[in-house]
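**Student:** The letter at position 886 of the sequence shown is residue 886 when you use the numbering used here, and the numbering goes up by one with no holes. Note that CB positions come from ideal geometry on N, CA and C, so glycine has one too.
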Amino acid sequence: MPGPVVSLIAGGDVSKENASGYVSAVFDGKNEQMESVMEFLDENGFIPEDFVDGETRSFYNSLGIDDMYFKSESVENISNNILALYAGKVNAFSKNDKRLEVRLDRESEDRAMFIDTTSPGISVLSGPLYEQRIDEKYLNSATPDKAYRLESFRSTDARVRCYFVYKCDFVNPKPDANETDLAVISDKSFLERATPNTMVIYQHIVKTVTERTGPVIQMIEIEGTKEKRLVIGFKQGTAMGIFSALSDLYHYYGCTSARKYVEQFSNGVTVMSIYLCPVPTAMTNPTHPPIETSIYQIMKEVSLLYCIPQNMFQAHFISGKLSLQETIYAHCVCHFVGHFLNRLGSEYTSVSQFLDPNNAAHAETLNNLKRRFRQETFTADYIFEVINDYPELIHSLYLGFAGKYWVQTHGADELPSLSSQRLRVDRVLNDEELMTNISRSVRNEHQEKVMNCFITFNQHVLKTNFYTPTKVALSFRMCPKFLPSVEYPQPLYGMFFVVGSEFRGFHLRFGDIARGGIRIVKSRSRDVYSANARSVFDENYNLASTQHRKNKDIPESGAKGVVLLDEKHQDKEVGAFKKYIDAILDLLLEPKSPGIKDPIIDFYKKPEILFMGPDENTAGLVDWATTHAKARAAPFWKSFFTGKSPSLGGMPHDTYGMTSLGVREFVLGIYRKMNVNPLEMVKLQIGGPDGDLGSNEILLSNEKYAAIVDGSGVLVDPKGLNHDELIRLATKRAMISEFDMAKLSSDGYRVLLDDVDVTLPDGEVVNNGTMFRNNFHLRTNIHYDVFVPCGGRPEAIDLNNVTKLMKDGKCAIPFIVEGANLFISQDAKLRLENAGAILFKDASANKGGVLASLAFDDTDFVKHMCVGDGNVPEFYANYVKEVQKTIQHNARLEFEALWREHKVTGKAISILSDELSLAITKLDEELQETELWKNIQLRDGVLREALPKCLVEVAGLDEILKRVPINYLRSIFGSYLASRFIYEYGCNSSQFAFFDL
């Protein structure tokens, strides 16, 4: 289902029996307890006897504290709290300060209480910041076993705010996954106290939250009062810090809250109820909008707050200098500046003029220089400080953004915030005026460069979901023309930029029809995160570029998506992935599609389809992405993701070896050419039996494994790891941490990430298991014949460490087939080849599930492609086999072409691989633009040859031509002709050879 639900319920859902929606707890012994408290205070002596009665009764009757607190607290604790309040009054009197300041906190394992003196409708930036503390300690947990409920009240004189936190005692702490019955999943205290009306409201919200990605938001009028009840439900752990951020939001719009409740449910849902009313100054100000208008605006912005509850420029929002939209806009652009600020300078440009960007080694050198320049110039902290110093510039730049992407949808009379009249009266400056304004305001050219990036951002956003009220993360479809060609020589076709509360991400593609996996990048430490944050876009670009070269002989060009988890959210990969996908879907669906949430200004003005697949940390999430696209009525849902389950018509890469068959063909090709016996080959593999590529490489292999490295550590046996045990792990998709150690020889060992001071069989002591794992592939104390990287971070072998793989000028490992993208940098590949290695880079790993998804309608797709109850449709079985044969055939053709060209030209295979890919893709593009497509006989003949035969037989070529988009068909036509020609005749063949083909 789609993301958030927002509904304004005017005049409905009126709470009649109790305005709070909760039955007040009744403590029969309250009066007796109060007497005991007075006696305790009298004996204590700190409060004068004449004041004890008044202070005690005020605490019991004027602060809005529910009887539940008194029922569960001891006399001593209550007395101490009254004493603390009295001390605050004495302190204020001694300073001749009429303002009462009380800050009181009491915490235990199962409960906590916080009391603070605050002014209604005003957020604070200093002091104890109890709400932020409650967020971090009690409400941000994503697990029901660490769930706390909260009740908060403001005193009758509005000066004191009390918070009471209780650990949840659920009726059923571990309900069924789909359970939504409140009688089963609620906290027992909630069931005792919630009114029937509240139960109805919460039941609807809880059920809806479980069906959707984002929050559910409702406003309910309270009969006979000026209060409005704002109710928000969302999945636990998906909106860190939103409780305190909501206070900042409604304070900004002139509202305060009388009562607040946070309820947790054991099925993983959080529901917040906030009772809002205008602050006294707003009620007496005739120019202030009515409470209904403020509430409506708050509701519209809750989803923006849900996307990023705590943005980098929150202080400007709390102080009132900037609106929520302005600060979150600045937050997103700050990330944009960090990735794309052109900070390389004239020195880089001068060096680049002497190097050829089309030469792989030169390109690698330029990339290394670029990385160094970026690390040593503008840092993320510096960029933030510059932006933070100029809130007025942010305001002007935001108006330019809003004027382009919001005003045109809703009309110039209603700007996207009624928080400040300046948004209505300030003139929107054009780009030239903005640049002049920036130049006059900043202190130096570096600051000017940072702020000018806002204009670049505004100019190149083609569409965004920023103003839709039902988003779960912010997405921007960018025109990538702002990327400097000196840094990114191969122009991108499309670019998506996504920002969420736990992550930021990109999706890049090099053609209209393009395909590639989505990977989630995790960081084990702060230093690793900083490095990943600096390089995430370049990694995404290089991965997509590599995929583009790999996809040369299939219809789709290269694409890739990367999601970088924020430093503090390394455990949020599932939630981040779901938000990333949903936010991109916001921008893919047509405006009139049933799944579209709200109109979006579209300067791209063309339909788009993205073809995605699994990659690092996302293999188990592709089914959700497929069903979610279907729930949002995306017409392309069947083809949205490859690698999905057979029940959804997919061909899982792990089950059918789709990502490994091409890699394996290159390994076997080397053995064939070198006339060696695979059984005698000693092998090193990075990427273990738990991964897609690694598990299938094990299942397809018959070499003698000496070492495997995976996410859990290193497993070594120079005499050969037990093959049956490796097969067991690969079949189970388990890490080497589960390897049966009894099956190692006396020379074998295992070192896991957290191991320290481990003594190896040869006497070497490993001090740090993580460092040992990270650098194990560079050790040459064990003899290997073949090395197949099936995982690991990009450029794990580069020019700085490649010499560690050499002995006496020769590569220590004679055969290397790079299964994992970019594991070895290009310059390191050339060094290894020059040192005698036979090395094949980024071997073809084609998949083939997209075409059938496009060729069948929904009914035939289910009939022919969906496996149900273990029954495999005949077509599905035949189609899988044909796709597997196509992958192997394409890989053999490429291997033979590269081997032939290497023998003829003497060029390094790593260079030839790029030349071959570029030649095919260039000819492909040219063929699609020729008149050959209009030759019906030729077109149909090529398509019959290129398409899976079983698909043509069952669907029929005529129906395929009707259903499959023409740009996809033209891509099939061009890629098939181009690849077959280049594979057979080489990169530099004549036009006559083509006509001969």
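So residue 134 and residue 165 are in contact, right, with Cβ under 8 Å, and what is the actual spacing, rounded?
**Tutor:** Right, the Cβ-Cβ distance comes to about 6 Å (below 8 Å), so this counts as a contact.
**Student:** Between which two residues does the beta strand (DSSP E) holding residue 664 run?
**Tutor:** Per DSSP, residue 664 belongs to no beta strand (DSSP E); it is in the alpha helix (DSSP H), 661–674.
**Student:** Assign residue 978 to one of two classes, buried (16 or more other C-beta atoms within 10 Å of its C-beta) or exposed (fewer than that).
**Tutor:** Counting Cβ neighbours within 10 Å, residue 978 comes out buried, since at least 16 surround it.
**Student:** In whole angstroms, what is the alpha-carbon distance linking residue 515 and residue 521?
**Tutor:** So the alpha carbons of these two residues sit roughly 19 Å apart.
**Student:** I'd like to check one pair, residue 505 with residue 462: are the Cβ atoms closer than 8 Å?
**Tutor:** No, the Cβ-Cβ distance between residue 462 and residue 505 is not below 8 Å.
**Student:** At which residue ranges does the region 142–194 contain complete beta strand (DSSP E) runs of 3 or more residues, listed in the order of the chain?
**Tutor:** Runs found: 148–154, 160–167.
**Student:** Starting from the C-beta of residue 79, find all residues in its chain whose C-beta is less than 8 Å away, skip the five residues before and the five after it, and write them out in chain order.
**Tutor:** Cβ neighbours of residue 79 beyond the five flanking positions: 37, 40, 41, 44.
**Student:** Does the distance from the C-beta atom of residue 692 to that of residue 731 stay below 8 Å?
**Tutor:** It is not a contact, given that the beta carbons lie outside the stated cut-off.
**Student:** Using 8 Å for Cβ pairs, my map puts residue 149 next to residue 168. What's the rounded Cβ distance?
**Tutor:** About 6 Å; that satisfies the 8 Å criterion.
**Student:** What separation, rounded to the nearest whole angstrom, lies between the Cα atoms of residue 329 and residue 474?
**Tutor:** Those two C-alpha atoms are separated by around 10 Å.
**Student:** So which of 886, 922, 921 has the shortest CA-CA distance to residue 948?
**Tutor:** Measuring from the Cα of residue 948, the nearest candidate turns out to be 886.
**Student:** Shortest alpha-carbon distance to residue 428 belongs to which of 542, 393, 841?
**Tutor:** Of the candidates 542, 393, 841, the one whose C-alpha sits nearest the C-alpha of residue 428 is 393.
**Student:** In the DSSP assignment, what are the bridge partners of residue 871?
**Tutor:** 868, per the DSSP bridge assignment.
**Student:** In the structure shown, what three-state DSSP assignment does residue 509 receive?
**Tutor:** If DSSP states are grouped into helix, strand and coil, residue 509 belongs with the strands.
**Student:** Tell me whether the region 816–833 and the region 797–807 touch, counting them as touching only if at least three CB pairs, one residue from each stretch, are closer than 8 Å.
**Tutor:** The region 816–833 is in contact with the region 797–807.
**Student:** Closest to residue 821 by C-alpha separation, out of 181, 171, 788, would be which residue?
**Tutor:** Among 181, 171, 788, the Cα nearest to that of residue 821 is on 788.
**Student:** Mind checking whether residue 198 and residue 64 have CB atoms under 8 Å apart?
**Tutor:** No, the pair does not count as a contact, with Cβ atoms beyond the cut-off.
**Student:** For residue 1008 and residue 22, I'd like the C-alpha separation in whole angstroms.
**Tutor:** The question about residue 1008 has no answer here: the residues shown for the chain are numbered 1 through 997.
**Student:** By how many angstroms is the C-alpha of residue 815 removed from the C-alpha of residue 173?
**Tutor:** Cα to Cα, the separation comes out at about 55 Å.
**Student:** To the nearest angstrom, how far is it from the Cα of residue 298 to the Cα of residue 275?
**Tutor:** For residue 298 and residue 275, the distance between alpha carbons rounds to 13 Å.
**Student:** Do residue 243 and residue 262 come within 8 Å of each other at the CB atom, strictly closer than that value?
**Tutor:** It is a contact, given that the beta carbons lie within the stated cut-off.
**Student:** Secondary structure at residue 232, three-state DSSP: helix, strand or coil?
**Tutor:** In the structure shown, residue 232 sits in a strand (DSSP, three-state: E or B).
**Student:** List the residues that DSSP assigns as beta-bridge partners of residue 276.
**Tutor:** Beta-bridge pairing links residue 276 to 228, 257.
**Student:** Can you tell which of 856, 951, 279, 482 has its C-alpha closest to the C-alpha of residue 255?
**Tutor:** Per the Cα distances, 279.
**Student:** I need the straight-line Cα distance from residue 119 to residue 159, nearest angstrom please.
**Tutor:** Each residue's alpha carbon lies about 6 Å from the other.
**Student:** So is residue 13 buried or exposed if we call it buried at 16+ other beta carbons inside 10 Å?
**Tutor:** Model confidence at residue 13 stands at a pLDDT of 38, short of 50, so the residue's coordinates are unreliable; what they give is reported in the following sentence. Answer is buried; the Cβ neighbour count reaches 16.
**Student:** Taking the alpha-carbon positions, what's the residue 846 to residue 750 distance?
**Tutor:** Only weak support is given to the placement of residue 846: the predicted model assigns it a pLDDT of 40, under 50, and the value that follows is read from those uncertain coordinates. Distance between the alpha carbons of residue 846 and residue 750 is about 34 Å.
**Student:** Buried or exposed, going by whether 16 or more other CB atoms sit within 10 Å of the CB of residue 264?
**Tutor:** Answer is buried; the Cβ neighbour count reaches 16.
**Student:** Am I right that residue 484 and residue 495 are in contact with their C-beta atoms under 8 Å? What's the rounded C-beta distance?
**Tutor:** The Cβ separation is near 14 Å, so there is no contact.
**Student:** Could you tell me which residues DSSP pairs with residue 475 in its beta bridges?
**Tutor:** DSSP output for residue 475 lists 498 as bridge partner(s).
**Student:** Thinking residue 663 and residue 817 are a contact (beta carbons under 8 Å), I'd like their distance in whole angstroms, please.
**Tutor:** Contact holds; Cβ gap of about 6 Å.
**Student:** Under 8 Å by Cβ, that's how I've got residue 233 and residue 209 pegged, so tell me the actual separation to the nearest angstrom.
**Tutor:** Indeed, because the Cβ distance is near 5 Å, the residues count as touching under 8 Å.
**Student:** Touch check for the region 934–944 and the region 965–973: three-plus C-beta pairs under 8 Å?
**Tutor:** At 8 Å Cβ cutoff, the stretches touch.
**Student:** In three-state terms, what does DSSP make of residue 939?
**Tutor:** The answer is helix: DSSP assigns residue 939 an H, G or I state.
**Student:** In whole angstroms, what is the alpha-carbon distance linking residue 626 and residue 637?
**Tutor:** Cα to Cα, residue 626 sits roughly 6 Å from residue 637.
**Student:** Leaving aside the five residues before and after residue 700 along the sequence, list all residues of the same chain whose C-beta is less than 7 Å from its C-beta, in chain order.
**Tutor:** Once the five neighbours on either side are set aside, the close Cβ partners of residue 700 are 657, 660, 664.
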